[in-house]
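Note that the numbering used here has the sequence shown beginning at 111, numbered continuously upward. Heads up, the beta-carbon is just placed ideally off N, CA and C, and yes, glycines get one too. For clarity, every value in this text was computed on a predicted model and none was experimentally measured.
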Amino acid sequence: MLKGIRKRFLIFFILAICLLFLLGFFLWKETRNTIANKFSSDFAKQHVSLQKEKINKFIGSELTLVKSLASSKYIIDWLKYEYNAPLKISAVKELKRYREFFRSGSVYIISRDSGHYYLIDKQTTGTSVSYTKTIKSKSPAAEKYFGLFEHNNKYDVRVDKEADDNAELWISAAVLYNGKPEGVVGTKIQIGNYLKEIVNSSKKGVSTFILNREGSIFAGALDNKTTVSVNKNIFSLFTSNENFVIKSLLAKAVKNPGDIFTESIRKGLGSQIVALSFLPETDWVVLSMVDLDEIFAVNDIIIPIGFVVAGTILIFSFFALYIDKSIIKPVRELTKGAVRIGEGDYDTKFVVDENDEIGTLKRIFNRMSTEIKLKTYIKDLEDRMQQKSRDLIISKEKVSFLLNSSGEGFLRFNPDMMIDSEFSKECFDIFGEDIKDKEIHKLLFPEDREKRQFFQRVVNSIFNQEKKFLKEIMIDLLPGEAEVNNKHYALRFRLGKNNAIVLIMRDITERKNLSRKVEDERRKLNLVVEYVKDEYGVRELINDFLNFCKNIDSYSVDVVYRKLHTFKGNFLQKGFINIPNFIHDEETYIQNFFRKQQNKLNINTSRLRNALKKDTDILKENLGENVLDNASIKVDMEKLKHIQQKAKRVDTDLYRELSELLKVPLSGYLEGFRKVVDMVAEKEEKVVDYIIACDPDLKIYPEEFRDFFNVFYHVIVNAVVHGIEKPEIRVSKGKSETGRIHCKAVKIEGFLVIEVADDGNGVDLNYLGKKLGRRLRANEYDILFENGITSSDMVDSYTGRGAGLGAVKMEVEKLKGSIDIVSKKGVGTKVFIKIPMKE
Numbered sequence: 111m112l113k114g115i116r117k118r119f120l121i122f123f124i125l126a127i128c129l130l131f132l133l134g135f136f137l138w139k140e141t142r143n144t145i146a147n148k149f150s151s152d153f154a155k156q157h158v159s160l161q162k163e164k165i166n167k168f169i170g171s172e173l174t175l176v177k178s179l180a181s182s183k184y185i186i187d188w189l190k191y192e193y194n195a196p197l198k199i200s201a202v203k204e205l206k207r208y209r210e211f212f213r214s215g216s217v218y219i220i221s222r223d224s225g226h227y228y229l230i231d232k233q234t235t236g237t238s239v240s241y242t243k244t245i246k247s248k249s250p251a252a253e254k255y256f257g258l259f260e261h262n263n264k265y266d267v268r269v270d271k272e273a274d275d276n277a278e279l280w281i282s283a284a285v286l287y288n289g290k291p292e293g294v295v296g297t298k299i300q301i302g303n304y305l306k307e308i309v310n311s312s313k314k315g316v317s318t319f320i321l322n323r324e325g326s327i328f329a330g331a332l333d334n335k336t337t338v339s340v341n342k343n344i345f346s347l348f349t350s351n352e353n354f355v356i357k358s359l360l361a362k363a364v365k366n367p368g369d370i371f372t373e374s375i376r377k378g379l380g381s382q383i384v385a386l387s388f389l390p391e392t393d394w395v396v397l398s399m400v401d402l403d404e405i406f407a408v409n410d411i412i413i414p415i416g417f418v419v420a421g422t423i424l425i426f427s428f429f430a431l432y433i434d435k436s437i438i439k440p441v442r443e444l445t446k447g448a449v450r451i452g453e454g455d456y457d458t459k460f461v462v463d464e465n466d467e468i469g470t471l472k473r474i475f476n477r478m479s480t481e482i483k484l485k486t487y488i489k490d491l492e493d494r495m496q497q498k499s500r501d502l503i504i505s506k507e508k509v510s511f512l513l514n515s516s517g518e519g520f521l522r523f524n525p526d527m528m529i530d531s532e533f534s535k536e537c538f539d540i541f542g543e544d545i546k547d548k549e550i551h552k553l554l555f556p557e558d559r560e561k562r563q564f565f566q567r568v569v570n571s572i573f574n575q576e577k578k579f580l581k582e583i584m585i586d587l588l589p590g591e592a593e594v595n596n597k598h599y600a601l602r603f604r605l606g607k608n609n610a611i612v613l614i615m616r617d618i619t620e621r622k623n624l625s626r627k628v629e630d631e632r633r634k635l636n637l638v639v640e641y642v643k644d645e646y647g648v649r650e651l652i653n654d655f656l657n658f659c660k661n662i663d664s665y666s667v668d669v670v671y672r673k674l675h676t677f678k679g680n681f682l683q684k685g686f687i688n689i690p691n692f693i694h695d696e697e698t699y700i701q702n703f704f705r706k707q708q709n710k711l712n713i714n715t716s717r718l719r720n721a722l723k724k725d726t727d728i729l730k731e732n733l734g735e736n737v738l739d740n741a742s743i744k745v746d747m748e749k750l751k752h753i754q755q756k757a758k759r760v761d762t763d764l765y766r767e768l769s770e771l772l773k774v775p776l777s778g779y780l781e782g783f784r785k786v787v788d789m790v791a792e793k794e795e796k797v798v799d800y801i802i803a804c805d806p807d808l809k810i811y812p813e814e815f816r817d818f819f820n821v822f823y824h825v826i827v828n829a830v831v832h833g834i835e836k837p838e839i840r841v842s843k844g845k846s847e848t849g850r851i852h853c854k855a856v857k858i859e860g861f862l863v864i865e866v867a868d869d870g871n872g873v874d875l876n877y878l879g880k881k882l883g884r885r886l887r888a889n890e891y892d893i894l895f896e897n898g899i900t901s902s903d904m905v906d907s908y909t910g911r912g913a914g915l916g917a918v919k920m921e922v923e924k925l926k927g928s929i930d931i932v933s934k935k936g937v938g939t940k941v942f943i944k945i946p947m948k949e
C-alpha cells in the first residue's frame with residue numbers, strides 16, 4: 111500500500127511540473143491582450159456607474175425632501191393665503207425645520223400669484239421673513255422657476271446654465287392645492303463644490319470629468335491629481351482621435367440615457383479605455399478615461415510569474431522528501447489506533463503535534479472516543495433545552511395576553527408597508543378584519559389618497575435613512591391621529607427591531623366627542639351670559655342686522671362691505687357663534703367681487719338670516735321663547751321721548767330731568783370694550799393693559815351715539831392687532847412686555863373728544879406704500895380710511911379686510927364730527943375723534 115502511494119506521488123509530481131511550465135507560458139502570452147483589456151473596460155464602467163450612483167443618490171435625497179416639503183399643509187396654506195400672518199409663521203417654522211436636511215442649508219419658496227421670492231437659509235432667525243424679490247410673470251426668471259407648470263410637472267431638476275464659476279443645481283417641486291399650482295419650493299446647490307467630491311478617485315491612471323452635452327466641464331481631474339478649470343471645454347484637453355471617440359460615445363449616450371458606452375483608444379505603445387454615460391435629469395455627462403499601462407502594468411507580472419514557477423519546483427522537491435515523514439509514518443500510527451478503538455478501547459488517545467490533515471484525523475479519533483462518554487451529558491442538556499423552550503412559549507403567551515388586554519392596538523409593518531403576522535387582538539376590533547399582510551397606509555386612510563401618499567413617502571424616507579437620530583426625527587412627521595370605521599384613534603409610532611416600525615393605536619373617540627361638546631357648551635353659555643349682561647344692546651344689534659338684510663339692495667357695495675365688517679365685529683363681541691363665520695364668507699365674496707370687477711353684487715341674505723336664527727335659537731332654548739320680544743321697551747322709550755318734548759315747552763327743569771333719564775354714562779360704553787381687548791390680545795398672544803380715563807358724570811344719548819359705538823370697536827381692535835407688539839418683540843426694543851392702550855374721553859366746549867393711544871409699533875407708511883405700489887407722503891395717515899387699506903398680511907375674524915376705519919370715519923361724519931390719526935414708528939399711534947354733543 112505504502113509503495114503504491116510513493117509511486118502515485120512521483121507521477122503526480124512530474125505532471126505538476128509540466129503543467130506549471132505550460133501555465134507560465136500561457137500567462138505571459140495572454141495576460142497583456144486579454145486580461146488587461148477586460149479588466150480595464152469593466153473597471154471604467156464600474157467607475158462611471160459609481161459616479162452616477164453618487165449623483166443620483168444625492169439628487170434623489172434632495173428631491174425627496176423637496177417633494178415632502180411641497181406637500182406640507184403649512185406650505186400649501188401659506189401660499190394660498192400669503193398675507194395670513196399665523197399661516198406664514200407656521201410655514202416659516204416648517205421651512206426652518208427642513209432646511210437642516212438640505213445640503214446647501216437653504217430652501218426657497220415662491221408664490222405663483224404674487225411672484226414673491228422667500229429665502230430661508232442658515233442666517234434666517236425668528237419667524238418674521240420677508241420676500242427678497244418678486245418674480246415677474248413672463249420674465250426669464252419666471253420661465254426658470256415656473257417652467258414645470260407649463261409642462262404639468264410636479265418637480266424639476268435643472269442646471270442654471272447662465273452662471274459662471276458658481277453654477278447651481280436647482281431642485282424644485284410644485285406646491286399644489288386641489289390640483290391647482292400655488293407656488294414652487296426648492297433648493298439650490300453649488301455644482302462646482304459638490305462635484306469635486308464626486309470626481310475623486312483612488313486609482314492612479316484614471317481621469318474623471320462631469321460636463322454638459324456641449325463639452326463644458328463642471329468638475330474634473332486628470333490622472334486623479336490635476337484639477338481641471340471649471341467651464342473649460344473637454345475637447346481642448348485631448349487629441350483629435352480622442353475627441354472623435356468622445357463625440358461618438360456622447361452621441362450614443364444622449365440617444366440612450368442611462369446606458370454606459372466604452373471604447374478602446376490606442377495611445378502610443380499602450381491603450382486606454384473611454385467610458386461615458388448621459389444623465390437626462392441634469393443634462394450632465396459622466397466621462398471616465400482609464401490608462402491601461404497605469405492601471406494594470408502587465409509587464410510587471412512577468413518576473414513574479416518566473417519566481418512562482420521556480421519556487422514551485424523547489425517546493426515540490428522538498429515535498430518529495432517531506433511526504434514520507436509527514437504522511438506515511440502518521441498513517442501507520444492512525445491505522446493501529448483505529449484498530450484499538452474498533453476493539454472497544456475508547457481511552458485510546460493520539461498525541462496531536464501536527465496542524466494538518468493528519469492532525470485533523472487524530473483529533474477526530476480522539477473526539478470519537480470522547481463523544482461516547484458525553485452521550486449521557488448531551489441527553490441531559492437536551493432535556494434542559496426543551497424545558498427552556500417550554501418556558502419561553504409560556505412567557506410569550508403571557509406577553510401576548512398583556513398586549514391583548516391593554517385595550518390598545520399593537521402591530522408592526524415593514525418597508526413594503528405590509529403588516530407583520532403578529533398583532534394584538536384589539537386590531538381585529540379596530541379594523542374589523544384580519545390585517546395580516548395588509549398595507550398599513552390603506553387601512554389608516556382608505557379614502558384619502560393624499561394622506562396615503564404622504565404616509566408612504568415619509569415611511570420610505572425613514573427606512574432609507576441610515577442614521578438613527580434622523581429616523582427618530584422623521585418618524586415625528588407621521589400623523590398623530592386617524593379615523594378608522596367612524597372612530598378616532600391616537601397613533602404612536604416607534605422604531606422596532608429587524609427594520610420595522612411599531613404602531614400603537616388608542617381609541618380617543620369619546621375624548622374627542624367630549625371635547626367638542628364641552629367647547630360647544632362653553633360658547634353657547636358665553637352667548638347667553640353676554641345677552642344677559644347687555645339685553646337691550648343685543649336685541650338692537652339683531653334688529654339692526656335684520657333691517658340691513660331687508661334693505662341691502664339700497665346700499666352701495668362699499669357701504670355693504672363696511673357694514674358687514676362692523677356687524678361681524680359686534681356679533682363677535684357679543685359672543686355669537688354662527689353668524690360671524692357666515693358674514694366672513696360674504697366679506698370674502700365681496701373682495702372677489704372687487705377683484706374680478708363683476709357687474710352685480712348678490713349677497714345671500716337668507717343664508718345670513720338662517721345663521722342668525724341658529725344663534726337666537728340658542729338664546730330661546732336657554733332663556734325662553736319670548737326672550738327677544740322687546741316691543742314694550744321700544745314703546746316706553748318712545749313715550750318717554752314724547753313726554754320730554756312736551757316738558758320742553760312747559761317746564762325747563764322737568765325737561766332736564768327727563769333728558770338725564772334718557773342719557774347713559776359714556777364710561778359704561780368704553781368699559782364694555784375691555785373684554786374685546788382681552789379676547790383679541792389672547793388670540794394674538796399679546797399682553798395688553800386697557801386704561802380708561804372718563805368722567806363718570808359724562809353722559810350721552812344712546813340713540814344718538816349707538817351707530818358710532820358699533821363701529822368704534824374697530825379702533826380698539828386695530829390698536830391691539832396692528833399697534834401693540836408681541837412680548838418678545840417689545841422686550842427686544844427695550845419696552846415692557848405689557849402694551850398699553852389709553853382710552854380718554856372728555857367734553858370740551860360742547861364737543862365730545864375721544865383719544866385712543868397705544869405705545870406700539872406705529873404705522874409704517876413705507877410698508878403701506880410698497881403694498882399699494884406708490885410712494886406715500888409723510889403723515890399721509892388719511893390713507894388708512896380708504897376701503898381695502900390694511901397693514902395686515904392675513905385675514906381673520908377680527909382684522910385684515912381694510913374696512914374698519916373707513917366705517918368709523920363714515921359714522922363720525924354722520925354726527926358732524928372729525929377723526930384724525932397721528933403716528934410715530936416705534937413709539938405708537940393716537941386716534942383723535944371730535945363729535946358735537948346735543949344739550
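Status (buried if at least 16 other CB within 10 Å, exposed otherwise) for V628: Looking at its Cβ environment, which holds fewer than 16 other Cβ atoms inside 10 Å, V628 is exposed.
Where P690 falls, given that 16 or more other Cβ within 10 Å makes a residue buried: So P690 counts as buried.
Beta-carbon spacing of G293, V285 below 8 Å: Cβ atoms of G293 and V285: closer than 8 Å.
Neighbourhood of L444 by C-beta, 8 Å cutoff - its chain only, sequence neighbours within 5 removed: The residues are F460, I468, L471, K472, F475.
Distance between V669 and M527 (C-alpha atoms, nearest Å): Note on geometry: alpha-carbon atoms of M527 and V669 lie some 58 Å from one another.
Spatially closest choice to G236 from K198, E735, S151, F259, by CA coordinates: Comparing alpha carbon positions, the residue from K198, E735, S151, F259 closest to G236 is K198.
Residues near K854 in its chain [Cβ-Cβ closer than 6 Å; skip 5 each side]: Result list for K854: A803, E865, in chain order.
Three-state class that DSSP yields for R207 in the structure shown: Correct three-state label for R207: helix.
Outcome for I540 when other beta-carbon atoms lying within 10 angstroms are tallied against a minimum of 16: Counting Cβ neighbours within 10 Å, I540 comes out buried, since at least 16 surround it.
Test: L347 CB closer than 8 Å to a CB of chain D: In the displayed structure, chain D is absent; only one protein chain is listed.
Bridge-paired residues (DSSP) for K857: Secondary-structure assignment with DSSP links K857 through a beta bridge to L862.
Cβ-based neighbour list, L738, same chain, cut-off 8 Å, excluding 5 preceding and 5 following: Contacts found: R649, I652, T726, L729, K730.
Through-space distance from C659 to I102, alpha-carbon basis: Absent from the structure is residue 102, since the part of the chain shown begins at 111 and ends at 949.
Beta bridge counterpart(s) of S381 as assigned by DSSP: R376.
Proximity below 8 Å, CB of K948 to CB of V863: In this structure, V863 does not lie closer than 8 Å to K948 by Cβ.
Exposure label - N871; buried when at least 16 CB within 10 Å: The residue is buried, with at least 16 neighbouring Cβ atoms inside 10 Å.
Cβ-based burial, T676 [other Cβ within 10 Å; buried from 16]: Buried, because 16 or more other Cβ atoms sit within 10 Å of the Cβ of T676.
Cβ contact check for the segment 231 to 249 and the segment 201 to 217: 3 or more pairs under 8 Å: Yes: at least three Cβ pairs fall under 8 Å.
contact_flag[the segment 632 to 641, the segment 595 to 604] where n(CB pairs < 8 Å) is 3 or more: The segment 632 to 641 vs the segment 595 to 604: no contact.
Check whether M67 and L601 have beta carbons under 8 Å apart: Since the first residue shown for the chain is 111 and the last is 949, residue 67 is missing from the structure and cannot be characterised.
Burial state of F212 (16 or more Cβ within 10 Å): With a threshold of 16 other beta carbon atoms within 10 Å, F212 meets it and is buried.
Pairwise C-alpha distance: V395 and E324: If you draw a straight line from the Cα of E324 to the Cα of V395, it comes to about 10 Å.
Whole-Å CB distance - A201 paired with I185, under 8 Å assumed: The pair is a contact, with the Cβ atoms about 5 Å apart (cut-off 8 Å).
Straight-line gap, S240 to E792 (C-alpha atoms, nearest Å): Spanning the alpha carbons of S240 and E792 requires a straight line of approximately 25 Å.
For T235, the first and last residue of its enclosing beta strand (DSSP E): Premise fails: T235 is in no beta strand (DSSP E) and is neither H nor E.
DSSP three-state assignment for F942, whether helix, strand or coil: Looking at F942 - three-state DSSP - the assignment turns out to be strand.
Closest residue to T318 among A252, K246, M399 (Cα-Cα distance): The shortest Cα separation from T318 among A252, K246, M399 belongs to M399.
Beta-bridge pairing of G330 - partner residues as DSSP gives them: Paired residues: F319.
Straight-line gap, T458 to A448 (C-alpha atoms, nearest Å): Each residue's Cα considered, the two are about 9 Å apart.
DSSP state of D668 mapped onto helix, strand, coil: Three-state DSSP puts D668 in a helix.
Reduced DSSP category for L129 - H, G, I as helix; E, B as strand; rest coil: Here DSSP, grouped into helix, strand and coil, assigns L129 to helix.
Uninterrupted alpha helix (DSSP H) stretches inside the segment 535 to 581 (no shorter than 4 residues): Segments of the alpha helix (DSSP H) lying fully in the segment 535 to 581: 536 to 541, 550 to 554, 559 to 574.
Limits of the unbroken alpha helix (DSSP H) element including Q701: Residues 689 to 706.
Cβ pair L347, F371 closer than 8 Å: Against a cut-off of 8 Å, the Cβ pair of F371 and L347 comes out as no contact.
Residue range of the unbroken alpha helix (DSSP H) whose run includes D817: Element bounds for D817: 812 to 828.
Paired residues, beta bridge with E591 - DSSP: Paired residues: A600.
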